[in-house]
Amino acid sequence: MTLKLPPSGDDRWRLAPHARVIVYETDDGNELLTIYDCGAAQKPPAAQVIGNLVRVNAAHELERGPTGYVVSMREDADLVKQDADHYLIEAVDDASDTL
């Protein structure tokens, strides 16, 4: 697992506002999650995780492809580790960060 995401709690990491998550599905049912800060940025991924993305509870667009799918985030969210093999993406409320 390679994570260059800022932590936002125990087993939680903040995704960039326009993060793009590429999910590659393997024949044995596993998944490789590759997370980019922005789909338009020309830089290496911010994270690569082997595990299953079980749910996205935040505004997003989903695009299916022949080897998996792409999740393009549309609001602030965290990547949350549920257990050793399962992750979800949850919306975060930044209202508490403002005065």
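Heads up, the sequence shown is in our numbering, so the first residue is 45 and it goes up one at a time.
Even for Gly, the Cβ is constructed at its ideal location relative to N, Cα and C.
Let me know the secondary structure DSSP gives residue i once reduced to three states.
i: asparagine 74; result: coil
i: arginine 56; result: strand
What separation, rounded to the nearest whole angstrom, lies between the Cα atoms of residue i and residue j?
i: leucine 123; j: valine 115; result: 12 Å
i: leucine 97; j: alanine 60; result: 17 Å
i: tyrosine 68; j: cysteine 82; result: 18 Å
i: threonine 46; j: glutamine 92; result: 5 Å
i: aspartate 120; j: leucine 132; result: 14 Å
i: alanine 103; j: histidine 62; result: 11 Å
i: proline 110; j: isoleucine 94; result: 19 Å
i: valine 136; j: aspartate 71; result: 33 Å
Check for me: the beta strand (DSSP E) holding residue i runs from which residue to which?
i: glutamate 107; result: 104–109
What does DSSP give as the partner residues of residue i in its beta bridges?
i: valine 100; result: Ile133
i: leucine 123; result: Trp57, Ile133
i: leucine 47; result: Ala91
i: arginine 64; result: Tyr80, Ser116
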